[in-house]
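Chains A and B, in that order, give the protein sequences. The first sequence begins at 1 in the numbering used here and counts up one residue at a time. The second sequence begins at 1001 in the numbering used here and counts up one residue at a time. Don't be surprised by glycine CBs; every beta carbon is placed ideally from N, CA and C. Every value quoted in this text rests on a predicted model; they were computed, and no experiment measured them.
Number of protein chains: 2
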Amino acid sequence: MAYCVDKSSVFGFSLETGISKDRESSKRYLSNLRGMVANEAVLEEMIKKENSLVYEFYEMGVPEHPGDLAFGTTICYPGKVADEYFMTKGHFHAILDVAEVYLCIKGRGLILMENPEGDCLYEVLTPGKMAYVPKRYAHRSVNIGKEPFVQFFAFRADAGHDYGTIETRGFRKLVVERNGEFAIIDNPKWGKN
Amino acid sequence: MAYCVDKSSVFGFSLETGISKDRESSKRYLSNLRGMVANEAVLEEMIKKENSLVYEFYEMGVPEHPGDLAFGTTICYPGKVADEYFMTKGHFHAILDVAEVYLCIKGRGLILMENPEGDCLYEVLTPGKMAYVPKRYAHRSVNIGKEPFVQFFAFRADAGHDYGTIETRGFRKLVVERNGEFAIIDNPKWGKN
Chain A
1 MAYCVDKSSV FGFSLETGIS KDRESSKRYL SNLRGMVANE AVLEEMIKKE NSLVYEFYEM
61 GVPEHPGDLA FGTTICYPGK VADEYFMTKG HFHAILDVAE VYLCIKGRGL ILMENPEGDC
121 LYEVLTPGKM AYVPKRYAHR SVNIGKEPFV QFFAFRADAG HDYGTIETRG FRKLVVERNG
181 EFAIIDNPKW GKN
Chain B
1001 MAYCVDKSSV FGFSLETGIS KDRESSKRYL SNLRGMVANE AVLEEMIKKE NSLVYEFYEM
1061 GVPEHPGDLA FGTTICYPGK VADEYFMTKG HFHAILDVAE VYLCIKGRGL ILMENPEGDC
1121 LYEVLTPGKM AYVPKRYAHR SVNIGKEPFV QFFAFRADAG HDYGTIETRG FRKLVVERNG
1181 EFAIIDNPKW GKN
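Put into structure tokens, the structure is as follows:
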């Protein structure tokens, strides 16, 4: 062949499970949701029984340059803490004014979003659907289905993460089960931590 | 429900075919490859018979802001012009210093890349594999398989496209079939248009 460098197989994952054999995922367990769920008593009971995996994600290590893109996959497992669906912690970007795109590969979930002014959005995702998180919106993935909720994501590589704001004050809304379907309700503990 | 705006179903497509019912795709036919293939005589014969669809793509209309992301899907159909596989025209970004990410959903293809200095790269993609087009690299998708090659893509929304450079001078390399497998060879017409 003519001189052309093969860069294949940089990163891949199963479109069925979201799992990659190419690298280690970052894992978040029930214990990582302490302080983030509505019913802390039920959470503690669950942790005593088994500190289950709630979600895991793979992120490509790219330079934090405004011309680069961070990308990877996230898998949120099905389950609930009391009536509140399993979810990721969620975050703002450290550079607030950048967007993020998600593509659902498997399962059924939603992206819950809010901006600093308190506007709240959500998008329900099934395989093939894309969610666009607008600039300035914190976002969290929530599994409202019965199988793993697998997504591909991409955002500007210099955007960074601000987890602290959400860890401190929570999201304004909760996603809970009501009569077998999801409902979005006000978070009674919002801003009170 | 508490006040939270439903932004669902913004855009979705079939993970089997890449086709979306939500909007119209941009389509490129054999006639759009005039001046871009090695064997123009065979191309003209094929067009006379049937001006087949070579590829189509869906692109989200987002503001051309450095904090936004352009994203969508591209479907390159299987086929060859003589021994040269069906491919997209390919482009640099108008802002040269931005990357692009691709996720293969279906089929088998490759991304062919080159920078202005003449360095050439490629990545072979199968479902679940991701390709990262580094900053400053022109890129083209090539279907080296027997079914549609479907990819999801994302890049910084202000990056723009420069198709002209490739249209004028071509890629330095061609992707052709040799004994049932792909081979990358030097483009004898490179820079001579």
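Residue contact check for B:P1127 against chain A: a CB pair falls below 8 Å. When the beta-carbon positions are compared, A:F57 and A:G72 come within less than 8 Å of each other. Residues of chain B whose Cβ lies closer than 9 Å to the Cβ of A:C120 are, in chain order, A1002, Y1003, C1004 and V1005. Within the stretch 130-156 of chain A, the residues whose Cβ lies closer than 8 Å to any Cβ of chain B are, in chain order, M130, A131, Y132, K135, F152, A154, F155 and R156. Annotation: A:A94 has no Cβ neighbours in chain B at a cutoff of 7 Å; minimum Cβ distance is about 13 Å. Short of 8 Å from the beta carbon of A:G170, and not among the five residues preceding or following it, lie these beta carbons of its own chain, in chain order: M36, N187, K189, W190, G191 and N193. Contact of B:I1184 with chain A is assigned, a C-beta pair being separated by under 8 Å. Chain A has a Cβ within less than 8 Å of the Cβ of B:S1014. For B:F1011, the neighbours in chain A by C-beta distance under 7 Å run, in chain order, M130.
A:Y132 and A:V101 have their alpha carbons spaced roughly 5 Å apart. At least one C-beta of chain A is nearer than 8 Å to the C-beta of B:F1071. Taking the Cα positions, B:L1033 is about 13 Å away from B:R1140. Within chain A, the residues placing a beta-carbon under 9 Å from that of B:P1066 are P66, D97, V98 and R156, ordered along the chain. By the neighbour-count criterion, in which 16 or more other beta carbons inside 10 Å mark a residue as buried, B:E1084 falls on the buried side. At least 8 Å separates the CB of B:V1081 from every CB of chain A. Taking 8 Å as the cut-off, the beta carbon of A:F155 is found closer than this to the beta carbon of A:H93. Residue state for A:A138 is assigned as strand, using DSSP reduced to three classes. Contact annotation, A:C120 with B:C1004: C-beta distance approximately 4 Å; criterion of less than 8 Å satisfied. Interface criterion not met: the Cβ of A:L30 is under 8 Å from no Cβ in chain B.
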